[in-house]
Amino acid sequence: MDARVSDLFSSGNGHGSNNKPGNGSGSGSGAASKKSGGKNKKAKTRFSRNLRPSKNTPYLPPEAEEGNIEYKLKLVNPTQYRFEHLATQMKWRLQEGRGEAVYQIGVEDNGMLVGLSEEELRASLKTLHRLAEKVGADVTVLREREVDYDSDVTRKIAEVLIRKVPDDQQFLDLRVAVLGNVDSGKSTLLGVLTQGELDNGRGRARLNLFRHLHEIQTGRTSSISFEILGFNSKGEVVNYSESRTAEEICESASKMITFIDLAGHHKYLKTTIFGLTSYCPDFAMLVVSANTGIVGTTREHLGLAMALKVPIFIVVSKVDLCTQATVERTVRQLERVLKQPGCNKVPLVISSTDDAVTAAQQFAMTPSITPIFTLSSVSGESLDLLKVFFNIIPPLSNSKEQEELMQQLTEFQVDEIYTVPEVGTVVGGTLYSGICREGDHLVVGPTESGQFHKLTVGSIQRNRSACRVLRAGQAATLALGNFDRSLLRKGMVMVSPEMDPTICWMFEAEIVLLFHAKTFHKGFQVTVHIGNVRQTATVEAVHGKEELRTGEKGVVLFKFIKHPEYLKVGAKVLFREGATKGIGHVTKLQPIAQY
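The opening residue of the sequence shown carries number -9 in this note's numbering; numbering runs sequentially from there.
Printed below as a string of structure tokens:
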């Protein structure tokens, strides 16, 4: 990662000096959404803001063998043999997209937008419905649009979403971390999305999300809370407006978005970092208030998401409070920051459903695309565009990576610990690898002396509803019966007894010092975040140098001060102490004697 991300963390104003003010506010978003622009198929060129559709034949990028996007010129009256072949192909595309596939009808394999007549398009969509019925999937037509040709006959192409919940799970699951400065409207936006009722302008919508009395009194989130938003197979929203319980939402939804509501106040920064590192979100949603712009922790949260390589999109909230000129000024300010050398992002302002569909697909394929939504939780303006985006957005990891993780031994990261009456000790967290079932025998640790204890998994719950089997990448809570709670702490792991976990007091990491007031040297103490591990560590040595200054790289030996931890080589490291911040990855472990 570029050391220049430090611009986002440091206390300077950070407005990119080499960007001309007002360099493309919302004017070019339409150009990006029309998937055209000559025969140059590179994503960067296609999304250049100054691009205008040419008179030549429009193109998409050529079809990829892998991935969940399929191009079809036409599907009119296929033979039985061809029909079977198409059904098999649909299953493959669904498997690649972990239950979701996008079909572009009227497009050749090389990406040329040929288009079909009205009659051929209707016949092709009818065939697609028959195919989906055969494989047990549902079809939603995302959009139809005309192709610009000089001929008299109108030719159209259609974009269709096929969705089928994989046989081995209840629903598709995506995790979205919600970031942004204090009072930017994060909890209110989540309240409106998940409850289905607009806010009254005084924070009514967020009351159901708070976990503590002081949060209700101050209106500020200090803990991590989870909220769910479902979509059924036809792409309609399923939330608490129709369903009374989370179980009902899980039953009727085929796709679930789990929002991780994080704290915006600088005082709770350690909680926000813990939420980003341990819950492994697929995407991050940065909420910026239209009337204040980029203030407080906004820049820092953006830098954190980029340092952890979490794809980010931006929501400008509270547009009902200010004039259109103020909203545009905030959007321009965001675009300037996103185009800085440390970010290198391509902002894409969403102003129509067409833009939202394009953004959702390009966002997953090209990490540099950053969609920007402008909406209001009070008037409900443009909320539908955000829902369309969430409905279409595909999972990041493909089925192959998921399969490989599931083949490995079980490893569950402990993030939360509760005691529930009549159930006993319950732990919440994410299954990093393998498969976990009710009744499995695992070991949990490391304790302060580096030991592991045996335990048995009782029941499992995902999104507040019972679940028999947990697969790699899924978050859940596990009941451990009468297991002694005092033996558990955040940052522990529950692993398969066959595993040989590496427990260490000391580890080496290659780091970039993003910001430090003086010099970083031996004896300095920092709080280290590695996955779900959060502990203070001392700098034991800086290899090859006496000290490090802001922006410098180096290999540093750290030592935990309280207890040993379970770590892996290659894991991302994030450390902080006051204004000091740095990132890097673990390069070497010094394991203690085997437990």
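The beta carbon of each residue, even a glycine, is placed where N, CA and C say it ideally should be. Values in this document were obtained by computation on a predicted structure and should not be read as measured data.
Just to confirm before moving on: does the CB-CB distance between residue i and residue j stay below 7 Å?
{"i": "residue 538", "j": "residue 564", "result": "no"}
{"i": "residue 100", "j": "residue 48", "result": "no"}
{"i": "residue 475", "j": "residue 415", "result": "yes"}
{"i": "residue 455", "j": "residue 217", "result": "no"}
{"i": "residue 166", "j": "residue 273", "result": "yes"}
{"i": "residue 424", "j": "residue 386", "result": "no"}
{"i": "residue 196", "j": "residue 181", "result": "yes"}
{"i": "residue 151", "j": "residue 178", "result": "no"}
{"i": "residue 463", "j": "residue 448", "result": "no"}
{"i": "residue 84", "j": "residue 91", "result": "yes"}
{"i": "residue 527", "j": "residue 505", "result": "no"}
{"i": "residue 86", "j": "residue 105", "result": "no"}
{"i": "residue 212", "j": "residue 199", "result": "no"}
{"i": "residue 206", "j": "residue 220", "result": "no"}
{"i": "residue 132", "j": "residue 347", "result": "yes"}
{"i": "residue 186", "j": "residue 381", "result": "no"}
{"i": "residue 174", "j": "residue 279", "result": "yes"}
{"i": "residue 384", "j": "residue 349", "result": "no"}
{"i": "residue 440", "j": "residue 551", "result": "no"}
{"i": "residue 420", "j": "residue 465", "result": "yes"}
{"i": "residue 292", "j": "residue 276", "result": "yes"}
Given a threshold of 16 other Cβ atoms within 10 Å of its Cβ, counted over all protein chains shown, does residue i qualify as buried or as exposed?
{"i": "residue 203", "result": "exposed"}
{"i": "residue 149", "result": "buried"}
{"i": "residue 498", "result": "buried"}
{"i": "residue 168", "result": "buried"}
{"i": "residue 223", "result": "buried"}
{"i": "residue 75", "result": "exposed"}
{"i": "residue 71", "result": "exposed"}
{"i": "residue 307", "result": "buried"}
{"i": "residue 578", "result": "exposed"}
{"i": "residue 170", "result": "buried"}
{"i": "residue 331", "result": "exposed"}
{"i": "residue 69", "result": "exposed"}
{"i": "residue 566", "result": "buried"}
{"i": "residue 568", "result": "exposed"}
{"i": "residue 374", "result": "exposed"}
{"i": "residue 176", "result": "buried"}
{"i": "residue 301", "result": "buried"}
Indicate the three-state DSSP secondary structure (helix, strand or coil) for residue i in the structure shown.
{"i": "residue 176", "result": "helix"}
{"i": "residue 551", "result": "coil"}
{"i": "residue 427", "result": "strand"}
{"i": "residue 479", "result": "coil"}
{"i": "residue 504", "result": "strand"}
{"i": "residue 15", "result": "In this prediction, residue 15 has a pLDDT of 38, which is less than 50 and means its spatial position is unreliable; what the coordinates show is noted afterwards. Coil."}
{"i": "residue 443", "result": "strand"}
{"i": "residue 546", "result": "strand"}
{"i": "residue 578", "result": "strand"}
{"i": "residue 511", "result": "strand"}
{"i": "residue 494", "result": "strand"}
{"i": "residue 464", "result": "coil"}
{"i": "residue 128", "result": "strand"}
{"i": "residue 371", "result": "coil"}
{"i": "residue 517", "result": "strand"}
{"i": "residue 485", "result": "strand"}
{"i": "residue 537", "result": "strand"}
{"i": "residue 561", "result": "coil"}
{"i": "residue 64", "result": "coil"}
{"i": "residue 523", "result": "strand"}
{"i": "residue 566", "result": "strand"}
{"i": "residue 586", "result": "This structure cannot speak to residue 586, because the chain is shown only from -9 to 585."}
{"i": "residue 268", "result": "helix"}
{"i": "residue 473", "result": "coil"}
{"i": "residue 571", "result": "strand"}
Between the stretch 503 to 513 and the stretch 248 to 261, do at least 3 Cβ pairs fall closer than 8 Å?
no
Validate contact between the stretch 289 to 304 and the stretch 187 to 197 using beta carbons, cut 8 Å, 3 pairs:
no
Is it the case that the stretch 555 to 571 contacts the stretch 515 to 530, given that we only count it when at least three CB pairs across the two stretches are under 8 Å?
yes
Taking only runs that begin and end inside the stretch 142 to 192, name each unbroken beta strand (DSSP E) of 3 or more residues, in chain order.
146 to 153, 162 to 170
Contact between the stretch 481 to 488 and the stretch 425 to 433 is defined here as three or more beta-carbon pairs at a separation below 8 Å; is this criterion met?
yes
Cβ contact check for the stretch 337 to 344 and the stretch 280 to 293: 3 or more pairs under 8 Å
no
Curious, which full-length beta strand (DSSP E) runs of at least 3 residues does the stretch 373 to 440 contain?
401 to 410, 414 to 423, 425 to 427, 431 to 435
Can you list the beta strand (DSSP E) stretches of 3 or more residues lying completely in the stretch 306 to 342, in chain order?
336 to 339
Is it a yes or a no for the stretch 104 to 122 touching the stretch 266 to 274, going by three-plus beta-carbon pairs under 8 Å?
no
Given 8 Å as the limit, is there contact between the stretch 51 to 65 and the stretch 77 to 97, that is, 3 or more CB pairs closer than that?
yes
The stretch 353 to 363 / the stretch 321 to 338 touching (three or more Cβ pairs under 8 Å)
yes
Indicate whether the contact test is met: 3 or more Cβ pairs, each with one atom in the stretch 466 to 482 and one in the stretch 397 to 413, closer than 8 Å.
yes
Curious, which full-length alpha helix (DSSP H) runs of at least 4 residues does the stretch 194 to 252 contain?
203 to 208, 236 to 242
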